[in-house]
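J.:
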Amino acid sequence: MEVESSNSHQNIARAWQIFIDQGHLDLSQVRSEIAQSWCRSKQAGVDPISLNKPKRINKTSLNERRQHKKDLVDVALPVMQSLYEFVDGTGFVVILADNEGYILEILGASDTIKEGKKINLLIGSRWSEEVAGTNGVGTALELRAPIQVSGAEHYCQMVHEWTCSAAPVFDHHRKLVGVLQLSGPSSASHQHTLGMVVAAVAAMEEQMHIQEQNRELMLVNHRLHSIFHTMSEGVVIIDRQGRIEQLNPRAEGIFKRPVHDLQGVYIADIFKDTPGIKEMLASGTPCSDIEIQLSWDGRQIHCLASGKAIRDDRGELNGGVILLSPITKIKNLVNRFSGATARFTFDDIIGSSPGMVEAIRIARLAALNDNNVILQGESGTGKEVFAQAIHNHSGRCNGPFVALNCAAIPRELLGSELFGYVEGAFTGAHRGGRPGKFELASGGTLFLDEIGDMTFGKQGTLLRAIQEKAVIRIGDNRVIPVDVRIICASNKNLQQAVERGGFRRDLFYRLNVLKINLPPLREHLEDVPQLFDYFARQICQRQGVEIEDIEPDIIKVLVNYHWPGNVRELENVVERMVCMAQGKSLKYKDLPAEVSGPARMQGEPIPYSPELDSAAPGQSDLQSERERMREARKRQEKQEMIATVARCGGNISQIAREMGVSRNTVYRKMKQYGILK
């Protein structure tokens, strides 16, 4: 290696001596970065004359630092080896230090390493500026830039026989991680030496950047692998030939085959009857939420499929990805967000009267088996509450509870609501079709309210679905298995409807495995106080209000009212009273006028005034009240009978149809009330 001028070294040495002795800097002889470093070293209290050597850390601390800088060391060692081979025979050593100036590795001529021990240039010693003054490692760290320090440019006299060319090492975030240095005798100093070190550091930084990219790619790959294997949808990856390349566990479950059995299978052979998937494979057109139902390899596949092609950098098809969502998952989501869940239990059914106790007893028995149930009672008696309670205490409690009011759906739409339809089945049909209530309720309970209003034709279709445990969507010919328990409700007497030909006998017997009669509230008035208290607590909690006192006269009125709307009407009355209440008391004046005024039972007035009673009515009062109510109903029925006979001109068949009873019943009633044709 060519050496620098000896005159230059001598001039710098004189300038160093003047600075040490007098504190004066000759900037004509000393580079500015060296002069500034001398000043920093002096300010840090570094002794330039003493033979004090940089301290070494113990072996344990050294190993910890090496481990902490493992990425740096692993990248640096081969670069240091190459650099040393290039300067071999020149008396130079290659040094790697961390970002605090601790030497981690030294590689070089044994004679030079031996000389270095005299100044403690050893692995584990620290060469930062505040410890060792101006030097290659310490000053490069301070400047965050490459620098060459030769001879007397070193602040400490013991290092004046050395030359150091050092360059800092940065990671790809521009974080300073270490220093690479070439050190040797000052007599061999050459300005090109620093260029070699800078080039070596550039190679190190590039390699570190590549390693970081590989690490990030591995992390991304690990994340994608985790996502791929934990997705709730089935994922099928297809190669450019349209063959299955990879499946996630969810897809294995859908196909009921392990991945190694499906790799290499042409996806078109599985989805050959699915136009959207075929088009995606052929032209790359993406598809979304296509309902597929097919049989493959003896297995039934029913799910929603979405597909997207994968293209290379030239835009050519290079495979694709298909997402499969099991239809059961879609149904569960629909049920969850559409309120298809049962919230009532037997704890929500209030009543201790004989009629209610018997209804609850039968309902609890119904919950123990999977038989169909008919709930019969007037509107507002709590039929859906009973249905939900049965569901929640049955083996299907974790399945959906889907309710459909047959009277609220137009007759021409009832079939599509029950059984679903496919795309294009009729004008206005949703794209992709829609599952019916039977499919949505599969695995749970289907509650058919007001089933007596279902048309005769739809009753036959319903019977077939119950018997075969399967449905066919409107406009389709594929059979969809369903597992549904049926609970029906009606405010009509279905037995009488069967007798007069308004309800299918075979369907009635299929449904009427267990029948539960729910009494109207007027027949168990003794439950009114308990119901009132229950509703008051529920409503107060819901509305965030507090009621501490209820005037006794309120209950007296309520147990003397005939409740044509049954329990639903009572709940409405309580809610209105809570809304109208001032303060924390419910008062008699808060009662609705139709309840607190002269109570009417089937059109018969019953006078009542709070001043007449000083205590709530006893059991004898309730019994006499029921007698008055029965008499009132008889008088009302007679009046209605007379009006109907007159309106129908005495035509017995027409009278029977209008009243919803048999001809024999009409004759019996006319005789009972002394009505002549």
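Residues in the sequence shown are numbered from 829 upward in steps of one, following the numbering used here.
Glycine residues also receive a C-beta, built at the ideal position from the N, C-alpha and C atoms.
#1: Spell out a yes or no on whether the segment 863–874 and the segment 886–905 are touching, meaning 3 or more CB-CB pairs, one atom from each, closer than 8 Å.
#2: Pop quiz: R1224 and G1272 are said to be a contact at Cβ under 8 Å. What is the actual Cβ separation, rounded to whole angstroms?
#3: Provide the residue(s) that pair with A995 in DSSP beta bridges, ordered along the chain.
#4: Leaving aside the five residues before and after V1230 along the sequence, list all residues of the same chain whose C-beta is less than 6 Å from its C-beta, in chain order.
#5: How should R1139 be labelled, buried or exposed, when 16 other C-beta atoms within 10 angstroms of its C-beta is the threshold for buried?
#6: Any idea what DSSP makes of N1236, helix, strand or coil?
#7: Would you report the Cα separation of E1376 and P1392, rounded to the nearest angstrom?
#8: Look at the alpha carbon of R1239 and the alpha carbon of D1361, and state the distance between them as a whole number of angstroms.
#9: Leaving out five residues on either side along the sequence, give the residues of the same chain with a beta carbon under 8 Å from the beta carbon of L1450.
#10: Could you tell me whether the Cβ atoms of G936 and V922 are closer together than 9 Å?
#11: Taking V1063 as the reference, which of A1317, P1154 and S1244 has the closest Cα?
#12: Which runs of the alpha helix (DSSP H) spanning at least 4 residues fall entirely within the segment 1348–1396, listed in chain order?
#13: From V1489 to V1473, what distance separates their C-alpha atoms?
#14: Relative to the C-alpha of A968, which residue among S938, G929, I934 and D939 is closest?
#15: Pick helix, strand or coil for Y1501, following the three-state DSSP scheme.
#16: Hey, could you find the ends of the alpha helix (DSSP H) A1187 is sitting in?
#17: Beta-carbon separation of D875 and C984 under 9 Å?
#18: Who are the near neighbours of K1286 in its chain, counting only those whose CB is closer than 8 Å to its CB and skipping five residues on each side?
#19: Relative to the C-alpha of I848, which candidate in R859, H837, A863 and S856 has its C-alpha closest?
#20: Tell me the rounded alpha-carbon separation between G1248 and E1061.
#21: What do you reckon, are the CB atoms on D1281 and A1317 nearer than 9 Å?
#22: Provide the residue(s) that pair with S1153 in DSSP beta bridges, ordered along the chain.
#23: How many angstroms separate the CA atom of M1405 from the CA atom of R1365?
#24: Just to confirm before moving on: does the CB-CB distance between A995 and L1008 stay below 9 Å?
#25: Smallest Cα separation from P1114: which of R1475, N963, L1122 and I1105?
#26: Can P1347 and T1209 be called in contact, C-beta distance under 9 Å?
#27: If you count every other CB in all the chains shown that lies within 10 Å of the CB of R1127, and 16 or more means buried, which is it?
#28: Do the CB positions of R1306 and Q1121 come within less than 9 Å of each other?
#29: Take the Cβ of I1279 as the centre, count every other Cβ of all protein chains shown within 10 Å, and call the residue buried at 16 or more, exposed below.
#30: I need the boundaries of the beta strand (DSSP E) containing I1072, first residue and last residue.
#31: Bridge partners of Y1249, per DSSP?
#32: Look at the alpha carbon of S796 and the alpha carbon of E913, and state the distance between them as a whole number of angstroms.
#33: Beta strand (DSSP E) containing N1049: first to last residue?
#34: Is A1170 helix, strand or coil by DSSP?
#35: Ordered along the chain, which non-local residues of its own chain (more than five positions away) have a Cβ less than 7 Å from that of C1131?
#36: Do you know whose CA, among I1367, Q1371 and S1413, lies nearest I1382's CA?
T.: Here's the rundown:
#1: At 8 Å Cβ cutoff, the stretches do not touch.
#2: Right, the Cβ-Cβ distance comes to about 5 Å (below 8 Å), so this counts as a contact.
#3: L1008
#4: A1168, K1265, L1268, A1269 and L1274
#5: exposed
#6: The sequence shown places Ala at residue 1236, not Asn. In this structure, A1236 counts as coil in the three-state DSSP scheme.
#7: 29 Å
#8: A straight-line Cα-Cα distance of about 40 Å links R1239 and D1361.
#9: Residue confidence is low: L1450 scores 47 on pLDDT, short of 50, so the model does not pin down where it sits. No coordinate-derived value is stated.
#10: yes
#11: P1154
#12: If you keep only unbroken alpha helix (DSSP H) runs of at least 4 residues inside the segment 1348–1396, you get 1356–1371 and 1380–1386.
#13: 14 Å
#14: G929
#15: coil
#16: Annotation for A1187: the continuous alpha helix (DSSP H) segment containing it runs P1182 to A1195.
#17: yes
#18: R1239, L1242, G1243 and L1246
#19: A863
#20: Between the C-alpha atoms of G1248 and E1061 there is a straight-line separation of about 24 Å.
#21: no
#22: L1132
#23: Separation of M1405 and R1365 (C-alpha to C-alpha, rounded to the nearest whole angstrom) is 12 Å.
#24: yes
#25: I1105
#26: yes
#27: By the neighbour-count rule (16 or more Cβ atoms within 10 Å), R1127 is not buried but exposed.
#28: yes
#29: buried
#30: I1072 to L1075
#31: R1262 and I1302
#32: Residue 796 lies beyond the range of the chain shown here (829 to 1505); nothing can be said about it.
#33: No beta strand (DSSP E) holds N1049; the alpha helix (DSSP H) holding it covers H1020 to T1058.
#34: coil
#35: Residues of the same chain with a CB within less than 7 Å of the CB of C1131, apart from the 5 flanking positions on each side, are I1082, I1120, L1152, S1153, P1154 and I1155 in chain order.
#36: Minimum Cα distance to I1382 is reached at S1413.
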